[in-house]
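In what follows, a single structure is set out as structure tokens and then discussed.
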Amino acid sequence: MSVPAWVKDSVFYQIFPDRFDNGDLTNDPVNLSPWNSKPTITSFHGGDLRGVINRFYYLLDLGINTLYFNPIFLSPSNHRYNSVDYFQIDPKLGDLSTFKSLLDVAHRNHVRVVLDGVFNHCGRGFFAFNDILENQSDSPYVDWFHIKKFPVDAYSPGEATTYQAWWKYKSLPKFNTSNPRVCDYIYKVARYWLEQGIDGWRLDVPNEINDDAFWAKFREIVKNTNSDAYILGEIWDGDNRWVGDSHFDGLMNYPIRTLILDLLTEKKKANAFVNDLASWVRHYPIENSFCMYNSLGTHDTERIFSLLGKSIEKIRLAYLILFTFPGAPAIYYGDEIGLEGGPDPDNRRTFPWNETEWNIEILQWVKQLIRVRNDQNSLRRGNFSVIPNNNDSVFAFSRKDGGDYSIVIANASNQSTKIEIDISDLVNEDVKLVNAIGTEQFSEIHNGRVVIPLNRWSGMILIPAD
Numbered sequence: 196m197s198v199p200a201w202v203k204d205s206v207f208y209q210i211f212p213d214r215f216d217n218g219d220l221t222n223d224p225v226n227l228s229p230w231n232s233k234p235t236i237t238s239f240h241g242g243d244l245r246g247v248i249n250r251f252y253y254l255l256d257l258g259i260n261t262l263y264f265n266p267i268f269l270s271p272s273n274h275r276y277n278s279v280d281y282f283q284i285d286p287k288l289g290d291l292s293t294f295k296s297l298l299d300v301a302h303r304n305h306v307r308v309v310l311d312g313v314f315n316h317c318g319r320g321f322f323a324f325n326d327i328l329e330n331q332s333d334s335p336y337v338d339w340f341h342i343k344k345f346p347v348d349a350y351s352p353g354e355a356t357t358y359q360a361w362w363k364y365k366s367l368p369k370f371n372t373s374n375p376r377v378c379d380y381i382y383k384v385a386r387y388w389l390e391q392g393i394d395g396w397r398l399d400v401p402n403e404i405n406d407d408a409f410w411a412k413f414r415e416i417v418k419n420t421n422s423d424a425y426i427l428g429e430i431w432d433g434d435n436r437w438v439g440d441s442h443f444d445g446l447m448n449y450p451i452r453t454l455i456l457d458l459l460t461e462k463k464k465a466n467a468f469v470n471d472l473a474s475w476v477r478h479y480p481i482e483n484s485f486c487m488y489n490s491l492g493t494h495d496t497e498r499i500f501s502l503l504g505k506s507i508e509k510i511r512l513a514y515l516i517l518f519t520f521p522g523a524p525a526i527y528y529g530d531e532i533g534l535e536g537g538p539d540p541d542n543r544r545t546f547p548w549n550e551t552e553w554n555i556e557i558l559q560w561v562k563q564l565i566r567v568r569n570d571q572n573s574l575r576r577g578n579f580s581v582i583p584n585n586n587d588s589v590f591a592f593s594r595k596d597g598g599d600y601s602i603v604i605a606n607a608s609n610q611s612t613k614i615e616i617d618i619s620d621l622v623n624e625d626v627k628l629v630n631a632i633g634t635e636q637f638s639e640i641h642n643g644r645v646v647i648p649l650n651r652w653s654g655m656i657l658i659p660a661d
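The working numbering applies: residue 196 is where the sequence shown begins, and numbers increase by one.
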């Protein structure tokens with residue numbers, strides 16, 4: 196069961212459904228919060244699936260080709276990680292017909308769709324848990340969860356003590372996946388939505404279902420339903436146990452995000468940074484390395500624009516690294532226009548559709564990087580190699596696929612500099628190099644060495660001139 200080849204060519208875009216766009220006013224809750232108001236843990240702002248369809252022109256213009264949605268199933272919360280019915284689209288987002296329309300628009304435009312699968316836990320209103328609350332020890336679903344004692348108490352203040360729950364939140368009872376009936380239910384959900392036309396699953400906290408046999412069977416069912424489906428695991432520490440033929444195709448690559456932030460906040464020198472990048476590439480089987488989900492932010496992190504102190508230079512360099520490193524680059528909705536945000540729920544603000552509020556420089560930079568990545572096969576499929584240099588503020592690496600190569604070089608410091616690098620294993624003396632994201636040209640290559648001037652917090656992607 197090989198990994199899907201299309202992931203190598205993907206640029207993901209993550210959408211938190213309630214906050215992207217309100218395209219259907221008829222499904223708005225009566226207590227709707229104003230679109231641009233400060234989000235809270237409980238506020239609904241009216242974003243829905245029709246809004247995504249209406250804004251598809253924006254997504255296509257940006258250049259993305261894969262959408263990842265936070266949960267869209269029936270749930271009482273705005274984040275929907277406490278599903279009540281895994282077979283029903285939340286009516287506040289639309290219905291199955293709306294979702295089918297979204298899939299049709301996406302697939303006609305060669306955009307794939309990945310859904311969030313929350314299979315470790317559910318909501319209190321899930322039919323089996325609700326039956327326990329009604330019938331207690333007489334419920335036929337007692338063994339669907341980890342009940343510690345009766346009566347089961349799900350609503351009084353405080354942590355869950357009568358049953359296991361995710362992080363002891365009473366609203367998130369944990370499934371008992373040692374029960375074959377529970378497994379069959381989850382497998383049925385996975386199969387059903389693939390049959391509706393989705394292109395993969397992103398799995399929420401899958402390491403908390405610490406059962407290799409469960410995930411091997413899950414993978415078998417997914418791949419038998421759609422052999423080209425993508426299985427993405429939310430594993431924060433990058434444990435390579437979770438990738439391969441019995442688990443997932445790729446992981447949410449949080450360690451790379453941490454490295455980028457450490458570099459740009461000057462916690463890590465450039466030479467150590469690039470060597471750590473190389474270590475993470477080697478950390479996984481090679482085909483899985485190219486299926487990692489690389490992102491500067493998600494619904495669980497502070498916004499990159501805020502974390503980097505609104506520095507356009509650093510934001511540009513962060514994206515340069517993201518789009519040239521092995522794996523699939525991913526954009527958290529709004530990051531491409533400089534949306535600000537602190538910890539949850541502030542990182543889940545509504546998308547400001549008034550273009551005067553956008554950071555156009557960041558947006559144009561992201562568009563350019565997407566175009567360059569799409570043009571350069573080496574940036575999507577090329578092997579990764581560190582290019583040594585003697586300046587601990589500068590890093591360089593190459594991506595090479597057969598005769599196609601790209602050279603990435605960057606200055607991670609507050610001072611402009613010049614750096615000489617040895618690229619003799621990539622180029623000959625007659626080659627002229629051009630910066631794919633600028634106007635610079637370099638033809639003076641002597642003994643395989645070239646001198647590159649770099650502004651502060653900047654980088655280049657050097658490719659052979661046509």
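Glycine included, every Cβ here is placed at the ideal spot set by N, Cα and C.
Burial state of residue i, where buried means 16 or more other Cβ atoms lie within 10 Å
| i | result |
| --- | --- |
| I481 | exposed |
| W362 | exposed |
| R477 | exposed |
| P335 | exposed |
| A360 | buried |
| D379 | exposed |
| G537 | exposed |
| Y425 | buried |
| R346 | In the sequence as presented, Arg is not what sits at residue 346; that position holds Pro. Classification for P346: exposed. |
| Y350 | exposed |
| H305 | exposed |
| N483 | buried |
| H302 | exposed |
| K369 | buried |
| S270 | buried |
| N405 | exposed |
| Y479 | buried |
| F322 | exposed |
DSSP three-state assignment for residue i, whether helix, strand or coil
| i | result |
| --- | --- |
| S588 | coil |
| P524 | strand |
| L310 | strand |
| N222 | helix |
| I210 | strand |
| V279 | coil |
| S653 | strand |
| V646 | strand |
| I284 | strand |
| V629 | strand |
| L389 | helix |
| A658 | According to the sequence provided, residue 658 is Ile. The question's Ala does not apply to it. Three-state result, I658: strand. |
| R544 | coil |
| F468 | helix |
| L398 | strand |
Any non-hydrogen atom of the ligand GDP within 7 Å of residue i CB
| i | result |
| --- | --- |
| E531 | Among the ligands in the structure shown, none appear at all, so the ligand GDP cannot be discussed. |
Whether residue i touches residue j by CB criterion (8 Å)
| i | j | result |
| --- | --- | --- |
| N584 | L649 | no |
| Q209 | T493 | yes |
| Y528 | F211 | yes |
| F340 | N315 | no |
| W652 | L512 | yes |
| S573 | S601 | yes |
| V279 | G241 | no |
| S238 | N265 | no |
| P286 | N222 | yes |
| L564 | L515 | yes |
| A205 | N277 | Per the sequence shown, the amino acid found at residue 205 is Ser instead of Ala. For S205 and N277, no; Cβs fall outside 8 Å. |
| W396 | V417 | yes |
| L657 | I582 | no |
| D587 | K464 | yes |
| N554 | I532 | yes |
| V622 | I647 | no |
| L244 | F294 | yes |
| I382 | K412 | A quick correction: the sequence has Tyr, not Ile, at residue 382. Their beta carbons are under 8 Å apart, which means Y382 touches K412 by this criterion. |
| A467 | N489 | no |
| F485 | P450 | no |
Presumed contact (8 Å Cβ cut-off) between residue i and residue j, rounded CB distance
| i | j | result |
| --- | --- | --- |
| L446 | G428 | 5 Å |
| V198 | D444 | 4 Å |
| R696 | L459 | In the structure displayed, the chain extends from 196 to 661; residue 696 sits before or after that span and is not available. |
| L298 | I267 | The Cβ separation is near 12 Å, so there is no contact. |
| L262 | V300 | The pair is not a contact, with the Cβ atoms about 10 Å apart (cut-off 8 Å). |
Contact with chain D by residue i, beta-carbon distance below 8 Å
| i | result |
| --- | --- |
| V347 | Looking at the structure shown, chain D is missing, and only one protein chain is on hand. |
* Quick one: complete alpha helix (DSSP H) runs, 4+ long, within the region 407-462? -> Uninterrupted alpha helix (DSSP H) stretches at least 4 residues long and entirely within the region 407-462 occur at 407-420 and 449-459, given in chain order.
* At 4 residues or longer, and completely inside the region 234-275: list those alpha helix (DSSP H) runs for me, N to C. => Qualifying alpha helix (DSSP H) stretches, in chain order: 244-249 and 251-257.
* Whole beta strand (DSSP E) elements within the region 563-627, 3-residue minimum -> If only uninterrupted beta strand (DSSP E) runs of at least 3 residues are considered, those enclosed by the region 563-627 are 578-581, 589-596, 599-606 and 612-617.
* Of all the beta strand (DSSP E) runs that stay within the bounds of the region 295-370, which reach a length of 3 or more residues? -> If one requires a minimum length of 3 residues, the beta strand (DSSP E) runs lying completely within the region 295-370 are 307-312, in chain order.
* To do: Report the residue ranges of all beta strand (DSSP E) runs contained in full by the region 484-538; include only those spanning at least 3 residues, in chain order.
  => Inside the region 484-538, DSSP marks whole beta strand (DSSP E) runs of 3 or more residues at positions 488-490 and 523-527, from first to last along the chain.
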